[in-house]
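Down below is the structure, laid out as structure tokens.
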């Protein structure tokens, strides 16, 4: 057994990352690379393998939640910090498997925090949809597409005409488009890769209300542009924000359209298992925990069913 307790933790982490490069998706590698170099290395640069323990990592978590952002020194989200800890755990698991150290049992504590998600209210939804339907263009149809199917923005941008079967009334979601860090030249680049997870690859039935807007030409063209050029998620988000400002609608995100779709489906009585598959979630529990936010009117209607 080779012991490397006197080796710097970040050096062993680099060793692990280089091996991972050839076994994981390019986008995952870019995320690992960014997290390690921007957050983990600066904090752990003076630590040796023998120093790493529960207390050290818990202190790392506290600091990152408090002032972990690079740009403005505010706290990172719990989701991001959990991603950082997961990388550390994977690195330590590699060390254990190689016999560099003994196994370290970690039980990291995170503060309980309910994330507030802004979604459209009924009036805002009506204003937005009426405008989109009265002013149809590729971008506006893209927004309607998300509202009617719940697809992720990267999935929409990667969608091609031949992924849509109007005869069968089906949409085949099998890839995603995203901008990632190019670790070789320190810039960013656009990649089109397989979907986020295996469950994300799915077939979505097309609702009848959406079919009149699905006007397509060459089968190899991107759906969102009806050309050979893709529409980047960053540009889509920017234009969406500008549209909301024009319509005097509260600041919601493109992803909140997916939230609205899921919430609407629940209120319409969709089966949770069915909805989970449509959204591409790992399980119905994920759907319930992340995307279901009952509107006040719906809650009031439910309460009004109570009789004495």
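In this note's numbering, the protein residues as written are 136 to 443.
The C-beta atom is built at its ideal place from N, Cα and C for all residues, glycine as well.
This one's a predicted model, so the numbers in the text were calculated from it and none came from an experiment.
Practice task
Confirm, please, whether the CB-CB distance from residue 398 to residue 411 is below 8 Å.
Solution key: Counting from 1 along the chain shown, the entry for residue 411 is found at position 276. Counting from 1 along the chain shown, the entry for residue 398 is found at position 263. Taking the C-beta atoms as reference points, residue 398 is found no nearer than 8 Å to residue 411.
Exercise for the section: Step through the CB atoms of chain D and report whether any lies within less than 8 Å of the CB of residue 217. Expected result: In summary, chain D is missing from the structure at hand, where a single protein chain is found.
Handout entry: Per-residue DSSP class, three states only, for residue 366
Key = Translated into the one-based positions of the chain shown, residue 366 becomes position 231. Coil.
Problem - Helix, strand or coil at residue 413 [DSSP, three-state] - result: One-based indexing of the chain shown puts residue 413 at position 278. Secondary structure at residue 413: helix, using DSSP grouped into helix, strand and coil.
Problem - In chain order, each alpha helix (DSSP H) run of at least 4 residues that lies wholly inside the stretch 377–426 - result: Counting whole runs of 4 or more residues, the stretch 377–426 contains the alpha helix (DSSP H) stretches 389–402, 407–414 and 419–426.
Exercise for the section: Tell me, please, whether the stretch 302–319 touches the stretch 377–388 by the rule of three or more beta-carbon pairs shorter than 8 Å. Expected result: Touching, no, given that fewer than three Cβ pairs across the two stretches are closer than 8 Å.
Problem - Contact the stretch 369–377 vs the stretch 229–246: 3+ CB pairs below 8 Å - result: Counting Cβ pairs under 8 Å, fewer than three are found: no touch.
Practice task
Would you mind working out which of 243, 299 and 390 sits nearest residue 190, comparing C-alpha positions?
Solution key: Here residue 190 refers to the residue found at position 55 when the chain shown is read from its first residue. Checking every option, the nearest Cα to that of residue 190 belongs to 243.
Practice task
Spell out the partners DSSP gives residue 340 in its beta bridges.
Solution key: The sequence position of residue 340 within the chain shown is 205, counting from 1. Note: residue 340 is bridge-paired with 305 in the DSSP secondary-structure output.
Handout entry: C-alpha gap between residue 338 and residue 306, whole angstroms
Key = Indexing the chain shown from 1 puts residue 338 at position 203. Indexing the chain shown from 1 puts residue 306 at position 171. Their Cα atoms are separated by approximately 5 Å.
Handout entry: Sequence-distant residues of its chain with Cβ nearer than 6 Å to residue 179 (five each side left out)
Key = Your numbering for residue 179 matches position 44 in the chain shown. If the five residues before and after residue 179 are omitted, its C-beta is found closer than 6 Å to the C-beta atoms of 144 and 145, all from its own chain and listed in chain order.
Practice task
Can you tell me which of the three DSSP states residue 207 falls into?
Solution key: Translated into positions along the chain shown, residue 207 becomes position 72. In the structure shown, residue 207 sits in coil (DSSP, three-state: anything other than H, G, I, E or B).
Exercise for the section: Could you have a look at residue 147 and say whether DSSP puts it in helix, strand or coil? Expected result: The residue you call residue 147 lines up with position 12 of the chain shown. Of the three classes helix, strand and coil, the one that applies to residue 147 here is helix, per DSSP.
Handout entry: Which listed residue (193, 228, 157 and 165) has its alpha carbon closest to that of residue 245
Key = Position 110 of the chain shown holds residue 245. Nearest option by C-alpha distance: 193.
Handout entry: Buried or exposed by the 16-neighbour rule on C-beta atoms within 10 Å, applied to residue 286
Key = Along the chain shown, read from residue 1 onward, the residue named residue 286 stands at position 151. Looking at its Cβ environment, which holds 16 or more other Cβ atoms inside 10 Å, residue 286 is buried.
Exercise for the section: Report the rounded CA-to-CA distance for residue 459 versus residue 142, giving the unit in angstroms. Expected result: Because the chain here runs from 136 to 443, residue 459 falls outside it and cannot be looked at.
Problem - Among 188, 214 and 360, the one whose alpha carbon lies nearest that of residue 170 - result: Here residue 170 corresponds to residue number 35 of the chain shown, with the count starting at 1. 214 is the residue among 188, 214 and 360 whose C-alpha sits nearest the C-alpha of residue 170.
Handout entry: Ordered list of beta strand (DSSP E) runs contained in the stretch 172–204, each at least 3 residues
Key = Runs of the beta strand (DSSP E) inside the stretch 172–204: none found.
Practice task
Enumerate in chain order the residues of its own chain whose CB-to-CB distance from residue 167 is below 7 Å, with the five nearest sequence positions on each side excluded.
Solution key: Indexing the chain shown from 1 puts residue 167 at position 32. Contacts found: 152, 155 and 222.
Exercise for the section: Evaluate residue 393 with the Cβ neighbour count: other Cβ atoms within 10 Å of its Cβ, from every protein chain shown; 16 or more gives buried, anything less gives exposed. Expected result: Locating residue 393 in the chain shown gives position 258, counting from the first residue. The residue is buried, with at least 16 neighbouring Cβ atoms inside 10 Å.
Problem - Contact check, residue 297 vs residue 354, beta carbons under 8 Å - result: The residue you call residue 297 lines up with position 162 of the chain shown. The residue you call residue 354 lines up with position 219 of the chain shown. Residue 354 is positioned such that its CB atom lies closer than 8 Å to that of residue 297.
Exercise for the section: Answer with buried or exposed for residue 158, where buried requires no fewer than 16 other C-beta atoms within 10 angstroms of its C-beta. Expected result: Locating residue 158 in the chain shown gives position 23, where the first residue counts as 1. Counting Cβ neighbours within 10 Å, residue 158 comes out exposed, since fewer than 16 surround it.
Handout entry: C-alpha distance - residue 183 paired with residue 329, whole-angstrom precision
Key = Here residue 183 refers to the residue found at position 48 of the chain shown. Here residue 329 refers to the residue found at position 194 of the chain shown. Taking the straight line from one Cα to the other gives about 37 Å.
Practice task
Note down, one range per segment and in chain order, each alpha helix (DSSP H) of at least 4 residues found wholly within the stretch 207–249.
Solution key: As far as the stretch 207–249 is concerned, its whole alpha helix (DSSP H) runs of at least 4 residues are 213–233.
Exercise for the section: Tell me whether the beta-carbon of residue 301 lies closer than 8 Å to the beta-carbon of residue 379. Expected result: Working through the chain shown from its first residue, we reach residue 301 at position 166. Working through the chain shown from its first residue, we reach residue 379 at position 244. For residue 301 and residue 379, no; Cβs fall outside 8 Å.
Practice task
Under 8 Å by Cβ, that's how I've got residue 216 and residue 203 pegged, so tell me the actual separation to the nearest angstrom.
Solution key: In the chain shown, residue 216 corresponds to position 81, counting from 1. In the chain shown, residue 203 corresponds to position 68, counting from 1. The beta carbons of residue 216 and residue 203 sit about 7 Å from each other, so the pair counts as a contact at 8 Å.
Practice task
Give the DSSP bridge partners of residue 355, in chain order.
Solution key: Against the chain shown, residue 355 aligns to sequence position 220. Paired residue(s): none; residue 355 is not in a bridge.
Practice task
Determine the direct distance from the alpha carbon of residue 229 to that of residue 413, and round the result to whole angstroms.
Solution key: Start at 1 with the first residue of the chain shown, and residue 413 comes out as number 278. Start at 1 with the first residue of the chain shown, and residue 229 comes out as number 94. Near 36 Å, if we compare the C-alpha coordinates of residue 229 and residue 413.
Practice task
Specify the secondary structure class of residue 159 as computed by DSSP and reduced to three states.
Solution key: By 1-based counting over the chain shown, the position of residue 159 is 24. If DSSP states are grouped into helix, strand and coil, residue 159 belongs with coil.
Handout entry: Which listed residue (322, 342 and 211) has its alpha carbon closest to that of residue 396
Key = Residue mapping note: residue 396 aligns to position 261 of the chain shown, counting from 1. Ranking 322, 342 and 211 by Cα distance to residue 396 puts 342 first.
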